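Accompanying notes for the structure given below.
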Amino acid sequence: MRVMVIVKASPSSEAGELPSTELLEAMGNYNEQLVKAGIMKSGDGLKPSSAGVRVRFRGDERIVTDGPFAETSELIAGYWLWEVASMEEAIEWVKRAPNPMNEESDIEIRQFFEMEDFAEQDPDGKIAEQENELRNTAVLRDGTLAPYLFFAGRCDEALDFYQQALGASVLMRMRFSESPDPVPEGMLQQGFENKIMHATFQIGTQTILCSDGCDDKPSFDGFRLSLSFPSEDACRRIFDALAEGGKVDMPLDKTFWSPLYGMVTDKFGVGWMVMVPCE
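Sequence positions in the sequence shown follow our numbering and run 2 to 280.
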């Protein structure tokens, strides 16, 4: 179940008093525990209501009122979005939180509606289907696209050239010999042990990924587009869509650089690397 954990405003938060260094550190440690437990999905503090506005709906009229607003107990100073097994689990986690205010304070826990709660109002499932499509579209908009170039054994030379000719900044280089996982037997051409397994360089604001590849066969269809998504569900869905009518070159799996990574060539011959980025 998904819950919103609401930090209610207090006189100090409405006065704009910032938390102490000690409280920030304690809250950071608490958030770290939530993330490691797989519970926290997001969370932020909010500025006082003096920095906010309210919009009242009255028929066709929209009335905008600037803050601050009265009744501190009705205001929100911050929130978390959690995914928990039960309300009891959420309560136990809230009890472990440091007091977010300088005075007595309240934290409220509210459960999200899920589409199954509206089954009676949506007997044919059309509204649920639309909602699911909207969520999928929103996830896709969080994707990132970056070129990945393979230089057939000349990656060091290419990086040096781009630094000189284009003012590129090389951000990292990792050689096959430096891989924390052993390279599969027979994967590399002989003499490629010290070639570049992965490198990253930047030209202007564009980050480009590159490698020597596994042999010296030059072909500048020798590239893949690297596509990253924040969730494994989105990663699997897009990977499967690209594989339709194409060819899976490396099935999705966990690697030392990604919780989920795979390679696929689509039916048009375009090579893709689809992954969930590492923390």
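For every residue, glycine included, the Cβ atom is placed at its ideal position computed from N, Cα and C. Keep in mind it's a predicted model, so treat the numbers as computed, not measured.
What does the alpha-carbon distance come out to for the pair residue 52 and residue 39?
32 Å
Indicate whether residue 5 and residue 136 have their beta-carbon atoms separated by less than 7 Å.
no
ask   = How would you call residue 172, buried or exposed, if buried means at least 16 neighbouring beta carbons within 10 angstroms?
value = exposed
Member of 149, 180, 167 and 214 whose CA lies at the smallest distance from the CA of residue 227
149
Could you spell out where the alpha helix (DSSP H) holding residue 206 opens and where it closes? That residue, residue 206, is in no alpha helix (DSSP H); it is neither H nor E in DSSP.
Taking one C-beta from the region 209-220 and one from the region 111-121 each time, how about it: are there three or more such pairs within less than 8 Å? no
Assuming the contact rule is C-beta atoms closer than 8 Å, residue 235 and residue 140 should be a hit. Round their C-beta distance to whole Å, please.
5 Å
Limits of the unbroken beta strand (DSSP E) element including residue 226
224-229
Roughly how many whole angstroms lie between the Cα atoms of residue 1 and residue 81? Residue 1 cannot be examined here, being either before or after the span of the chain that is shown, 2 to 280.
Am I right that residue 170 and residue 207 are in contact with their C-beta atoms under 8 Å? What's the rounded C-beta distance?
Actually they do not touch by this definition, with Cβ atoms about 11 Å apart.
Residue 146, buried or exposed, once every other Cβ within 10 Å from all chains shown has been counted against 16:
exposed
Next on the checklist: Using a Cβ-Cβ cutoff of less than 7 Å, which residues in the same chain neighbour residue 109 once the five nearest sequence positions on both sides are dropped?
Outcome noted: 7 and 9
Going along the chain, which unbroken runs of the alpha helix (DSSP H) with 4 or more residues stay wholly within the region 53-111?
88-96
Quiz item: Between residue 174 and the rest of its own chain, which residues show a CB-CB distance below 7 Å, the 5 nearest in sequence each way excluded?
Solution: 197 and 200
Kindly identify the DSSP beta-bridge partner or partners of residue 43. 82
Practice problem: Kindly indicate which residue of 115, 142 and 138 has the alpha-carbon position closest to the one of residue 129. | Solution: 115
- Give the range of the alpha helix (DSSP H) segment to which residue 238 is assigned. 233-244
Tell me residue 211's beta-bridge partners as DSSP assigns them. 150 and 200
*asked:* Classify residue 225: buried if its beta carbon has 16 or more other beta carbons within 10 angstroms, exposed otherwise.
replied: buried
Let me check one thing: in DSSP terms, what residues is residue 7 bridge-paired to? 80 and 109
Please list, in chain order, all residues of the same chain as residue 246 whose beta carbon is under 7 Å from its beta carbon, the five residues on each side excluded.
268
Check your understanding: For residue 279, does the count of other Cβ atoms within 10 angstroms reach 16, so buried, or fall short, so exposed?
Key -> exposed
query = Going by the beta-carbon positions, is the gap between residue 98 and residue 163 smaller than 7 Å?
reply = no
**Prompt:** Just curious, the alpha helix (DSSP H) that residue 138 is in, first and last residue?
**Reply:** 127-141
| query | Should residue 17 go down as buried or exposed, given a rule of 16 or more other Cβ atoms within 10 Å for buried? | reply | exposed
Exercise. Report yes if the C-beta distance between residue 307 and residue 251 is below 7 Å; otherwise report no.
Key: Outside the shown range of the chain (2 to 280) lies residue 307, about which nothing can therefore be said.
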